[in-house]
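For reference, the structure discussed in these notes is given below.
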Amino acid sequence: MQLARVTGTLVASVKADGLEGVKFLIVQPLNRERQPQGSPVVAADAVHMAGPGELVYIVGAREAAQALPNTFVPVDHAIVGIVDAVEELSRGEGRESR
Amino acid sequence: MKVGRVVGTVVSTISSPAFEGRRLLLCDLLDAAGDPDGSYLICVDTVGSGAGEAVLILDEGNSARQVIGMPTAPIRAVVVGIIDQLVVDGELVLCES
């Protein structure tokens, strides 16, 4: 999974079967410093709440379709969460008890 | 599988249901010399790893779903181990203790 910034929306009235009601957004993948990395991609919005300007995380490949209500659909990127914060930690911090 | 180092966490309130209650780790991927190679992954933690630790990362959906125990989860990258030692070509690359 990778960080990405939502930069736009996409509307398609004619779509492959199973994609009815799926919202598509344009997202720009980001590197760890939150700078653009690579080309923008079209991602299905699996959280139904993402919008332009938001920092999100996306999943690629077959797993993208798993995020949607109908999982057998031709989708290769999906937004699976909206990022509230990225906390960069120093060594030993934030370790979960085992 | 990949070798990474945990450098942070990602906090998210609104997410796909499969992510609820799971810790998301920001992991730098390491090269054969144990140095960051410039790429990273957001991974679901399954072993209780913490910042600074060298970890074993699985970046393949079917195996990830198996580890998570959810056959339909849209999860691809998971941390499946904490690395104690890594030797490449006879050289000790990572020794965590």
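Listed in order, the protein sequences are those of chains A and B. With the numbering used here applied, the first sequence covers 1 to 98. With the numbering used here applied, the second sequence covers 101 to 197. Using N, Cα and C, we set each Cβ at its ideal position, and we do this for glycine too. All values derive from a computational prediction rather than experimental measurement.
- Per DSSP, ARG165(B) is one residue of the alpha helix (DSSP H) stretching across 161–168.
- For ASP128(B), same chain residues with a beta-carbon under 7 Å away, outside a window of 5 residues either side, are GLY104, ARG105, VAL107, PRO136 and TYR140 in chain order.
- Taking CB atoms only, SER112(B) has a neighbour in chain A less than 8 Å away.
- Between the segment 47–55 of chain A and the segment 154–167 of chain B there are fewer than three inter-stretch CB-CB distances shorter than 8 Å, so the stretches are not counted as touching.
- At least one CB of chain A lies nearer than 8 Å to the CB of ARG176(B).
- Identification of residues in the segment 70–90 of chain A having a C-beta nearer than 9 Å to some C-beta of chain B yields THR71, ALA78, ILE79, VAL80, GLY81, ILE82, VAL83, ASP84, ALA85, VAL86, GLU87, GLU88, LEU89 and SER90, given in sequence order.
- Pairing VAL27(A) with ILE82(A) gives a Cβ-Cβ distance that is not under 8 Å.
- Neighbours of GLY161(B) in chain A, taken as residues whose beta carbon is under 9 Å from its own, are VAL59, ALA61, ARG62, GLU63 and GLN66 in chain order.
- In this structure, VAL6(A) sits near LEU25(A), with a CB-CB distance shorter than 8 Å.
- PHE119(B) carries a helical assignment under DSSP once its states are collapsed to helix, strand and coil.
- In this structure, SER149(B) and VAL179(B) form a Cβ contact; the two beta carbons are roughly 5 Å apart against a cut-off of 8 Å.
- When ILE175(B), LEU130(B), SER112(B) and GLU196(B) are compared, the shortest CA-CA separation from GLN185(B) is found for GLU196(B).
- Scanning chain A for C-beta atoms nearer than 8 Å to the C-beta of LEU126(B) yields ARG32, VAL86 and GLU88, reported in chain order.
- At a cut-off of 8 Å between beta-carbon atoms, ALA173(B) makes contact with chain A.
- Interface criterion met: the Cβ of ALA46(A) is under 8 Å from a Cβ in chain B.
- Contact check for PRO171(B) against ALA67(A) fails: the beta carbons are separated by 8 Å or more.
- With distances taken between CA atoms, SER116(B) lies nearest to ALA64(A) out of PHE72(A), GLY53(A), SER39(A) and ALA64(A).
- When secondary structure is reduced to three states using DSSP, GLU196(B) falls in the coil class, being assigned neither helix nor strand.
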